[in-house]
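In what follows, a single structure is set out as structure tokens and then discussed.
There are 6 protein chains.
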Amino acid sequence: MAKLIEYKDMAPGARAVVDGIAAARGIDPADINNVWKALARNPGVMEQFAAEMKAAFAPGKLDPLTKELVYLAISIANQCDYCIASHGTMARNKGMTDEMHEEFMRVVLAAQKGNKIAMAYRVPVDAVFEEN
Amino acid sequence: MAKLIEYKDMAPGARAVVDGIAAARGIDPADINNVWKALARNPGVMEQFAAEMKAAFAPGKLDPLTKELVYLAISIANQCDYCIASHGTMARNKGMTDEMHEEFMRVVLAAQKGNKIAMAYRVPVDAVFEEN
Amino acid sequence: MAKLIEYKDMAPGARAVVDGIAAARGIDPADINNVWKALARNPGVMEQFAAEMKAAFAPGKLDPLTKELVYLAISIANQCDYCIASHGTMARNKGMTDEMHEEFMRVVLAAQKGNKIAMAYRVPVDAVFEEN
Amino acid sequence: MAKLIEYKDMAPGARAVVDGIAAARGIDPADINNVWKALARNPGVMEQFAAEMKAAFAPGKLDPLTKELVYLAISIANQCDYCIASHGTMARNKGMTDEMHEEFMRVVLAAQKGNKIAMAYRVPVDAVFEEN
Amino acid sequence: MAKLIEYKDMAPGARAVVDGIAAARGIDPADINNVWKALARNPGVMEQFAAEMKAAFAPGKLDPLTKELVYLAISIANQCDYCIASHGTMARNKGMTDEMHEEFMRVVLAAQKGNKIAMAYRVPVDAVFEEN
Amino acid sequence: MAKLIEYKDMAPGARAVVDGIAAARGIDPADINNVWKALARNPGVMEQFAAEMKAAFAPGKLDPLTKELVYLAISIANQCDYCIASHGTMARNKGMTDEMHEEFMRVVLAAQKGNKIAMAYRVPVDAVFEEN
Numbered sequence: 001m002a003k004l005i006e007y008k009d010m011a012p013g014a015r016a017v018v019d020g021i022a023a024a025r026g027i028d029p030a031d032i033n034n035v036w037k038a039l040a041r042n043p044g045v046m047e048q049f050a051a052e053m054k055a056a057f058a059p060g061k062l063d064p065l066t067k068e069l070v071y072l073a074i075s076i077a078n079q080c081d082y083c084i085a086s087h088g089t090m091a092r093n094k095g096m097t098d099e100m101h102e103e104f105m106r107v108v109l110a111a112q113k114g115n116k117i118a119m120a121y122r123v124p125v126d127a128v129f130e131e132n
Numbered sequence: 133m134a135k136l137i138e139y140k141d142m143a144p145g146a147r148a149v150v151d152g153i154a155a156a157r158g159i160d161p162a163d164i165n166n167v168w169k170a171l172a173r174n175p176g177v178m179e180q181f182a183a184e185m186k187a188a189f190a191p192g193k194l195d196p197l198t199k200e201l202v203y204l205a206i207s208i209a210n211q212c213d214y215c216i217a218s219h220g221t222m223a224r225n226k227g228m229t230d231e232m233h234e235e236f237m238r239v240v241l242a243a244q245k246g247n248k249i250a251m252a253y254r255v256p257v258d259a260v261f262e263e264n
Numbered sequence: 265m266a267k268l269i270e271y272k273d274m275a276p277g278a279r280a281v282v283d284g285i286a287a288a289r290g291i292d293p294a295d296i297n298n299v300w301k302a303l304a305r306n307p308g309v310m311e312q313f314a315a316e317m318k319a320a321f322a323p324g325k326l327d328p329l330t331k332e333l334v335y336l337a338i339s340i341a342n343q344c345d346y347c348i349a350s351h352g353t354m355a356r357n358k359g360m361t362d363e364m365h366e367e368f369m370r371v372v373l374a375a376q377k378g379n380k381i382a383m384a385y386r387v388p389v390d391a392v393f394e395e396n
Numbered sequence: 397m398a399k400l401i402e403y404k405d406m407a408p409g410a411r412a413v414v415d416g417i418a419a420a421r422g423i424d425p426a427d428i429n430n431v432w433k434a435l436a437r438n439p440g441v442m443e444q445f446a447a448e449m450k451a452a453f454a455p456g457k458l459d460p461l462t463k464e465l466v467y468l469a470i471s472i473a474n475q476c477d478y479c480i481a482s483h484g485t486m487a488r489n490k491g492m493t494d495e496m497h498e499e500f501m502r503v504v505l506a507a508q509k510g511n512k513i514a515m516a517y518r519v520p521v522d523a524v525f526e527e528n
Numbered sequence: 529m530a531k532l533i534e535y536k537d538m539a540p541g542a543r544a545v546v547d548g549i550a551a552a553r554g555i556d557p558a559d560i561n562n563v564w565k566a567l568a569r570n571p572g573v574m575e576q577f578a579a580e581m582k583a584a585f586a587p588g589k590l591d592p593l594t595k596e597l598v599y600l601a602i603s604i605a606n607q608c609d610y611c612i613a614s615h616g617t618m619a620r621n622k623g624m625t626d627e628m629h630e631e632f633m634r635v636v637l638a639a640q641k642g643n644k645i646a647m648a649y650r651v652p653v654d655a656v657f658e659e660n
Numbered sequence: 661m662a663k664l665i666e667y668k669d670m671a672p673g674a675r676a677v678v679d680g681i682a683a684a685r686g687i688d689p690a691d692i693n694n695v696w697k698a699l700a701r702n703p704g705v706m707e708q709f710a711a712e713m714k715a716a717f718a719p720g721k722l723d724p725l726t727k728e729l730v731y732l733a734i735s736i737a738n739q740c741d742y743c744i745a746s747h748g749t750m751a752r753n754k755g756m757t758d759e760m761h762e763e764f765m766r767v768v769l770a771a772q773k774g775n776k777i778a779m780a781y782r783v784p785v786d787a788v789f790e791e792n
């Protein structure tokens, strides 16, 4: 199990990262998720990841739920249980209904199958797909 | 390289699958993509995959581009070059701009990193994420 | 942890899938495995997977144990703990002895190594292997 | 591309490995497959892998085709193009018909889907599968 | 859960493997790690893996900590929780400080990202990298 | 194939990244590697990755070759052909001899096997490995 560091025991650099996340989410820094308590061991890695997550989820052309679904898709393909649990919850918080979840899972599973078919049958890329 | 079977040489079952796809896309069956030419060797697998893809991309609560981005995300995580080339093209055809592509890649890469961090630091799932 | 839906609480579509599996296995529907209790949330995905499993394990040219070993091999390569536990049990139920298990594991581990060697040394495919 | 070492240029240790394989297969050592020409750079790794492959495919309780299918299944799951091409060819040489190939692919794809379902829905292992 | 076989219940072949490892580490054979208790079911696989590990970690040109970091990197990429826990501990025992761990994680995460970028953008290998 | 953007055609942000890398390596910016020419399409992702690589390879407690070997190990586990080719070359440039390469590959392959064994036999983590 990870050695989790509670907010009160974090080094200043790690604490600053948690302060930023807690402020953005409107939560108490002491209630920060485990991934940040674990990362607090390596403040440099923690800062970089926090900045990357912030940039990835900054308002833009893709809506917040689409971004969550992309994050969740990657997590399922990579079989990260923590990420499936956490970003599955976040997707529901951002509006994913049971019906949307079923549609999402249909695409995920079709993609999984398409990926394996392309590999197993050693399919060459069509010229028309090489253009962009 | 895959043994590709051209439309004119396909068995009736395989040809029927291609007819359906070509009609839906408004293309000549002879111009069907390589993945179907390769799958034509195994018509049973081909029929099942075509039905699965059709169900996955049927109109629903998630818009067509979101579904393409989920499919593309899975393909990147699984490192399927054929699928990245083909569904990357389809995503652009369905409206993905360069700006959206950059946002998409930011989420994909942040997810990749988050997945590895959760594993490498052996982070236990927060109780709040166990509820759904 | 998954939200498991017990048989008595399933929607009619999900219940029908379980009835079919239970009848084929000669078990009480209430004793269905967890994977089906989890999938009952998404009856459409559940029906499709049940049909796919039935087709995959229908009597054919490959004997039942060979099919189980192929399923188990994929599950080990993909590191699916649930699937290793369940299909490992099924393989034993279908006749896999300790001796056969050891032979199976030798092939699995040799393949793992061969796969990595081919990638790490960037080995080009021999012309003789391109023919089929 | 790999730096391939031809038989005539191999170090004695590597040449001995090739002699053993060529004798067992009844082929000219100069016609050895690329994977061995690439591995000849690291004779120690080469000897170990050759011994492991020999032990894995030694006559036993599982028939030769079953072993090839297990090897091929692992290679598909791991997406090793070289191994899919080479062991796909070997499976056909050992008797895999088109009909068997379709059955095999059905099991491979069902397993792929089952693996992802178990992960995505976070299914807990049934007590009955914990026993062996 | 694995069926673990305690030292006193192991077959002679398995016991001999454990005796060798325990002697090299200066520990009581009864305190051998779980991986060996699980492998004791398949003594042939166990012997081969013990020999491979011994050869991999034999004194050579790479120092022991570098080898542990390579082993740990592979285990993180492959998402093997057991291996991350065990070889993470061994890396610390061989001198990995918190500072070195952070540097190591930075390289691991940069590599993860580089790997995905190369795939997602379908980058062709530079001619200068094809030479060795 | 990736759409590669040559240095002279890059946007100012992308060009600045290449200038930094070229200066650090003492090369002509026009000779920058393909990965940067591909990433130039998404300058934001490019800047972030360049910063991450710089931080990962900054002088520290781990020597440059060790870092390259960790990067190469991840790339082999993830089966990234571009990364194996490029970082394999860089490892040789930083002093990796054939003898060291063989030792490295022995550890990589032993780790691959250990990872699969831990999963396939479902080995529980020893209490002693849970402590850090």
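Chains as they are written, first to last, in the working numbering: chain U, 1 to 132; chain Y, 133 to 264; chain G, 265 to 396; chain A, 397 to 528; chain D, 529 to 660; chain L, 661 to 792.
Backbone N, C-alpha and C define an ideal beta-carbon position, used for all residues, glycine too.
Given the structure is predicted, the values throughout are model-derived calculations rather than measurements.
Which chain U residues sit within Cβ distance under 8 Å of lysine 245 of chain Y?
Taking the second sequence and counting its residues from 1, the one referred to as residue 245 of chain Y is at position 113. Those are Phe49, Glu52, listed as they occur along chain U.
Buried or exposed: glutamate 759 of chain L, going by 16 or more other Cβ atoms within 10 Å of its Cβ?
For the purposes of this step, residue 759 of chain L is taken as the residue at position 99 of the sixth sequence. By the 10 Å Cβ count, glutamate 759 of chain L comes out exposed.
Do you know offhand how far aspartate 556 of chain D's Cα is from arginine 543 of chain D's?
Numbered from 1 along the fifth sequence, position 28 holds the residue referred to as residue 556 of chain D. Numbered from 1 along the fifth sequence, position 15 holds the residue referred to as residue 543 of chain D. So the alpha carbons of these two residues sit roughly 12 Å apart.
In whole angstroms, give me the CA-to-CA distance for serine 482 of chain A and glycine 491 of chain A.
For the purposes of this step, residue 482 of chain A is taken as the residue at position 86 of the fourth sequence. For the purposes of this step, residue 491 of chain A is taken as the residue at position 95 of the fourth sequence. Cα to Cα, serine 482 of chain A sits roughly 15 Å from glycine 491 of chain A.
What number of angstroms, rounded off, separates the C-alpha of glycine 704 of chain L from the C-alpha of alanine 506 of chain A?
Counted from its first residue, the sixth sequence places residue 704 of chain L at position 44. Counted from its first residue, the fourth sequence places residue 506 of chain A at position 110. Each residue's alpha carbon lies about 40 Å from the other.
Through-space distance from tryptophan 300 of chain G to lysine 457 of chain A, alpha-carbon basis:
Here the question's residue 457 of chain A lines up with position 61 in the fourth sequence. Here the question's residue 300 of chain G lines up with position 36 in the third sequence. Answer to the nearest angstrom: the Cα atoms are 34 Å apart.
At a Cβ threshold of 7 Å, is glutamate 99 of chain U touching chain G?
Here residue 99 of chain U refers to the residue found at position 99 of the first sequence. Judged by the 7 Å Cβ criterion, glutamate 99 of chain U is not in contact with chain G.
Residues that glycine 440 of chain A contacts on chain L, provided the C-beta gap is smaller than 8 Å:
For the purposes of this step, residue 440 of chain A is taken as the residue at position 44 of the fourth sequence. Neighbours of glycine 440 of chain A on chain L, chain order: Glu762, Arg766.
Would you say alanine 558 of chain D reaches chain L, if we count a Cβ-Cβ gap shorter than 7 Å as a contact?
For the purposes of this step, residue 558 of chain D is taken as the residue at position 30 of the fifth sequence. Cβ-Cβ to chain L under 7 Å: no for alanine 558 of chain D.
For the putative contact between asparagine 298 of chain G and serine 471 of chain A, defined by C-beta atoms under 8 Å, what is the C-beta separation to the nearest angstrom?
Against the third sequence, residue 298 of chain G aligns to sequence position 34. Against the fourth sequence, residue 471 of chain A aligns to sequence position 75. Not really, about 30 Å apart at Cβ, beyond 8 Å.
Quick check on this structure: which residue in G/Ala319, G/Tyr271, G/Ile296 has the alpha carbon closest to the alpha carbon of valine 504 of chain A?
For the purposes of this step, residue 504 of chain A is identified with residue 108 of the fourth sequence, where counting begins at 1. Nearest C-alpha to valine 504 of chain A: G/Ala319.
DSSP on alanine 182 of chain Y, reduced to helix/strand/coil?
Your numbering for residue 182 of chain Y matches position 50 in the second sequence. Reduced to three states, the DSSP call for alanine 182 of chain Y is helix.
Residues of chain U with CB under 9 Å from arginine 305 of chain G, in chain order?
Position 41 of the third sequence, counted from the first residue, corresponds to residue 305 of chain G. Those are Asp98, His101, Glu102, listed as they occur along chain U.
Top-ranked residue by Cα proximity to methionine 581 of chain D, from L/Glu763, L/Val788, L/Pro784
For this step, residue 581 of chain D is matched to residue 53 along the fifth sequence. Closest option to methionine 581 of chain D, Cα to Cα, is L/Glu763.
By the 10 Å Cβ neighbour count, where 16 or more other Cβ atoms means buried, how is lysine 531 of chain D classified, buried or exposed?
The residue you call residue 531 of chain D lines up with position 3 of the fifth sequence. With fewer than 16 other Cβ atoms within 10 Å, it is exposed.
Out of curiosity, what's the CA-to-CA distance linking aspartate 609 of chain D and glutamate 394 of chain G?
As a first step, residue 609 of chain D is located in the fifth sequence; it is residue number 81 there, counting from the start. As a first step, residue 394 of chain G is located in the third sequence; it is residue number 130 there, counting from the start. Each residue's Cα considered, the two are about 38 Å apart.
Verify whether the separation of the beta carbon atoms of alanine 38 of chain U and methionine 10 of chain U is less than 7 Å.
Residue mapping note: residue 38 of chain U aligns to position 38 of the first sequence, counting from 1. Residue mapping note: residue 10 of chain U aligns to position 10 of the first sequence, counting from 1. No, they are not a contact pair.
In angstroms with no decimal places, state the Cα-to-Cα distance between valine 788 of chain L and alanine 30 of chain U.
For the purposes of this step, residue 788 of chain L is taken as the residue at position 128 of the sixth sequence. For the purposes of this step, residue 30 of chain U is taken as the residue at position 30 of the first sequence. One C-alpha to the other measures close to 29 Å.
Sorted by chain position, which residues of the same chain lie with C-beta nearer than 7 Å to threonine 726 of chain L's C-beta, five sequence neighbours on each side aside?
Position 66 of the sixth sequence, counted from the start, is the residue given in the question as residue 726 of chain L. So no residue of the chain qualifies.
Take asparagine 702 of chain L as the anchor and find which of D/Asp654, D/Ala648, D/Pro652 has the nearest alpha-carbon.
By one-based count along the sixth sequence, residue 702 of chain L stands at place 42. The shortest Cα separation from asparagine 702 of chain L among D/Asp654, D/Ala648, D/Pro652 belongs to D/Ala648.
Unbroken alpha helix (DSSP H) runs of length 4 or more, entirely within the stretch 279-325 of chain G: which are they?
298-303, 307-320
Between the Cα of phenylalanine 709 of chain L and the Cα atoms of D/Pro652, D/Lys536, D/Arg634, D/Arg650, which residue gives the shortest distance?
For the purposes of this step, residue 709 of chain L is taken as the residue at position 49 of the sixth sequence. For the residues D/Pro652, D/Lys536, D/Arg634, D/Arg650, the minimum Cα distance to phenylalanine 709 of chain L belongs to D/Arg634.
Between the stretch 740-752 of chain L and chain G, which residues of the former have CB atoms less than 8 Å from a CB of the latter, in chain order?
Asp741, Ile744, Ala745
With arginine 766 of chain L as the anchor, note down where its alpha helix (DSSP H) starts and where it stops.
Within the sixth sequence, residue 766 of chain L is the residue found at index 106, counting from 1. Per DSSP, arginine 766 of chain L belongs to the alpha helix (DSSP H) from 758-780.
Can you name, in chain order, every residue of its own chain whose Cβ lies under 6 Å from the Cβ of isoleucine 269 of chain G, other than the five neighbours on each side?
The residue you call residue 269 of chain G lines up with position 5 of the third sequence. Closer than 6 Å at the Cβ level, and outside the excluded window around isoleucine 269 of chain G, lie Lys301, Ala304.
Cβ neighbour criterion (16 or more within 10 Å) applied to glycine 554 of chain D
Here residue 554 of chain D refers to the residue found at position 26 of the fifth sequence. Exposed, by the Cβ-count rule.
According to DSSP, is valine 788 of chain L helix, strand or coil?
Translated into the one-based positions of the sixth sequence, residue 788 of chain L becomes position 128. Correct three-state label for valine 788 of chain L: helix.
Distance check for valine 334 of chain G and isoleucine 513 of chain A, CA to CA, integer angstroms please.
Sequence index remark: in the fourth sequence, residue 513 of chain A carries index 117 (1-based). Sequence index remark: in the third sequence, residue 334 of chain G carries index 70 (1-based). Going from the Cα of isoleucine 513 of chain A to the Cα of valine 334 of chain G covers about 18 Å.
If we call anything under 7 Å between Cβ atoms a contact, is glutamate 311 of chain G one with valine 282 of chain G?
Taking the third sequence and counting its residues from 1, the one referred to as residue 311 of chain G is at position 47. Taking the third sequence and counting its residues from 1, the one referred to as residue 282 of chain G is at position 18. No, the pair does not count as a contact, with Cβ atoms beyond the cut-off.
Residue range of the unbroken alpha helix (DSSP H) whose run includes methionine 750 of chain L:
The residue given as residue 750 of chain L occupies position 90 in the sixth sequence. That run of the alpha helix (DSSP H) goes 741-753.
Mapping DSSP to helix, strand and coil, what is isoleucine 470 of chain A?
As a position in the fourth sequence, residue 470 of chain A is number 74, starting the count at 1. Of the three classes helix, strand and coil, the one that applies to isoleucine 470 of chain A here is helix, per DSSP.
Anything in chain A within Cβ reach of methionine 119 of chain U, meaning under 8 Å, just list it in chain order.
Here residue 119 of chain U is taken as the residue at index 119 of the first sequence, counted from 1. Ile472, Gln475, Asp477, Ile480, listed in chain order.
What is the rounded straight-line gap between the Cα of proline 124 of chain U and the Cα of alanine 605 of chain D?
Translated into positions along the first sequence, residue 124 of chain U becomes position 124. Translated into positions along the fifth sequence, residue 605 of chain D becomes position 77. Distance between the alpha carbons of proline 124 of chain U and alanine 605 of chain D is about 28 Å.
Does the Cβ of glycine 541 of chain D have 16 or more other Cβ atoms within 10 Å, making it buried, or fewer, making it exposed?
As a working mapping, residue 541 of chain D is identified with position 13 in the fifth sequence. Glycine 541 of chain D comes out exposed.
Within 7 Å (strictly less), CB to CB, does leucine 329 of chain G reach chain L?
Start at 1 with the first residue of the third sequence, and residue 329 of chain G comes out as number 65. Judged by the 7 Å Cβ criterion, leucine 329 of chain G is not in contact with chain L.
Out of U/Gln112, U/Ile84, U/Leu72, which one is the CA nearest neighbour of arginine 518 of chain A?
Along the fourth sequence, one-based indexing puts residue 518 of chain A at 122. If we check each option's Cα against that of arginine 518 of chain A, U/Ile84 comes out closest.
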